[in-house]
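S.K.:
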Ligand SMILES: [Zn+2]
Ligand SMILES: [Zn+2]
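Residue numbers (my numbering): 44 to 410.
(1) Check whether the Cβ atoms of residue 92 and residue 186 lie closer than 8 Å to each other.
(2) With distances taken from each beta carbon to the nearest heavy atom of ligand 2, which residues come in below 7 Å, in chain order?
(3) Answer with buried or exposed for residue 274, where buried requires no fewer than 16 other C-beta atoms within 10 angstroms of its C-beta.
(4) Please name the residue, chosen from 347, 136, 338 and 213, that lies closest to residue 4 on a Cα-to-Cα basis.
(5) Quick check: does the Cβ of residue 83 come within less than 7 Å of any heavy atom belonging to ligand 1?
(6) Pull the bridge partners of residue 277 from the DSSP assignment, please.
(7) Taking only runs that begin and end inside the region 173–234, name each unbroken alpha helix (DSSP H) of 4 or more residues, in chain order.
(8) Where does the unbroken alpha helix (DSSP H) through residue 50 begin, and where does it stop?
(9) Taking C-beta to C-beta, are residue 230 and residue 254 nearer than 8 Å?
(10) Is the beta carbon of residue 126 closer than 8 Å to that of residue 180?
(11) With a threshold of 16 other CB atoms inside 10 Å of the CB of residue 244, please say whether the residue is buried or exposed.
(12) In its own chain, which residues sit with a C-beta less than 8 Å from the C-beta of residue 368, not counting the 5 before and 5 after it?
(13) Look up residue 60 in the DSSP assignment and say whether it is helix, strand or coil.
(14) What is the DSSP secondary structure of residue 407, counted as helix, strand or coil?
(15) Where does residue 291 land, buried or exposed, given buried means 16+ other C-beta within 10 angstroms?
(16) Verify whether the separation of the beta carbon atoms of residue 358 and residue 193 is less than 8 Å.
(17) Residue 9 to residue 338, Cα distance in whole Å?
(18) With DSSP as the reference, identify every bridge partner of residue 166, one or two as the case may be.
(19) If you follow the beta strand (DSSP E) that residue 249 is in, where does it begin and where does it stop?
(20) Check whether the region 200–207 and the region 376–393 are in contact - that is, three or more C-beta pairs closer than 8 Å.
(21) I'd like the list of long-range same chain contacts for residue 123, defined as Cβ closer than 6 Å, with 5 residues on each side in sequence excluded.
(22) Report back the beta-carbon spacing between residue 89 and residue 175 to the nearest angstrom; my notes put them in contact at under 8 Å.
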């Protein structure tokens with residue numbers, strides 16, 4: 044098959060012939076229909092996140108099941124699936140307590156670039172290639188764990204469904220699952236990219252009365268309004284923290300979300316919340332970076348600071364729920380797909396995300 048291979052950080056991806064093995068026990072072979080390009084892919088390409096190399100990136104995919112390995116019971120050939128990058132073991136304390144996004148087995152395996160059994164199904168010229176987040180969707184085919192396949196209705200367009208595999212789940216889930224945004228509340232979201240726009244949509248679905256989008260790009264702020272922001276703040280022009288206070292009668296927001304992944308904006312996110320408010324960190328900060336907070340005020344002002352990983356997803360429950368909302372016209376997906384590319388154009392696609400030109404560039408495999 045054809046796949047895009049990252050050989051070293053800061054280099055272009057190489058679209059090449061790659062061998063893919065048959066699925067083993069508990070694994071599924073999926074023919075990709077579409078794959079979004081996400082900032083997490085960029086972190087690996089830029090070298091700010093390290094993984095074993097060479098690797099096939101991509102972790103926001105959807106497609107059709109081509110073959111199943113032994114002992115696969117939940118999916119069958121022909122099913123349409125969204126790929127979840129937190130497959131689960133089903134046995135650990137996190138899985139058993141309803142937090143499969145924190146699965147201990149996944150956490151221990153993900154960074155190794157393999158599937159659950161510690162081996163790879165991908166190779167090039169006889170040399171192994173690594174998997175990215177159990178998915179590696181910058182390829183025509185992918186072998187994934189059965190628990191990472193979320194079966195969806197066949198009438199749902201796969202290019203939209205692919206985005207539910209990362210950005211949409213992460214953003215909507217942060218508002219609904221992690222923060223439990225309350226009807227009538229005031230919400231601020233820093234970063235109006237793919238994830239931030241979906242946090243805005245999640246807040247709207249939850250019944251927030253005011254949703255303030257904060258970004259430095261006027262085009263993204265305009266888009267944020269169409270996704271449900273009631274107010275926008277351009278942080279390049281004004282003091283964003285002061286602006287949020289002003290828009291919330293001096294109090295600060297009930298819920299604040301950081302969807303950028305920088306310590307400076309995380310600190311702003313904390314300051315934007317009212318005392319007793321909930322501060323939700325969604326963006327992944329560079330490894331090793333630290334966040335300084337005023338120790339005294341953490342106690343006195345009782346802000347809750349929570350991380351939200353993959354929108355606290357229970358993928359097999361939440362992804363079909365999100366797609367039901369999309370099919371019912373209550374959640375916007377196609378507006379996120381701003382650019383479409385073939386696999387051969389992968390570096391162009393990456394570039395449009397790097398420059399901020401694209402909200403979501405999507406690789407379409409039949410293009
Ligand atoms: Zn992602
Ligand atoms: Zn587990």
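We put the beta carbon where it would ideally sit given N, CA and C, even for glycine.
M.R.: This is what the structure gives:
(1) no
(2) 131, 132, 133, 134, 135, 137, 138, 143, 146, 147, 148 and 149
(3) With 16 or more other Cβ atoms within 10 Å, it is buried.
(4) Nothing in the structure corresponds to residue 4, since the chain is present only between 44 and 410.
(5) yes
(6) 258
(7) 201–206 and 212–216
(8) Unbroken run through residue 50: none, as it is neither H nor E.
(9) yes
(10) yes
(11) Residue 244 comes out buried.
(12) 248 and 374
(13) Residue 60: strand per DSSP, three-state reduction.
(14) strand
(15) buried
(16) yes
(17) In the structure as shown, the chain begins at 44 and stops at 410. Residue 9 is therefore absent and cannot be evaluated.
(18) 62 and 171
(19) From DSSP, residue 249 is part of no beta strand (DSSP E); its letter is neither H nor E.
(20) yes
(21) 107, 195 and 197
(22) Rounded, the Cβ-Cβ distance is 14 Å, inconsistent with contact.
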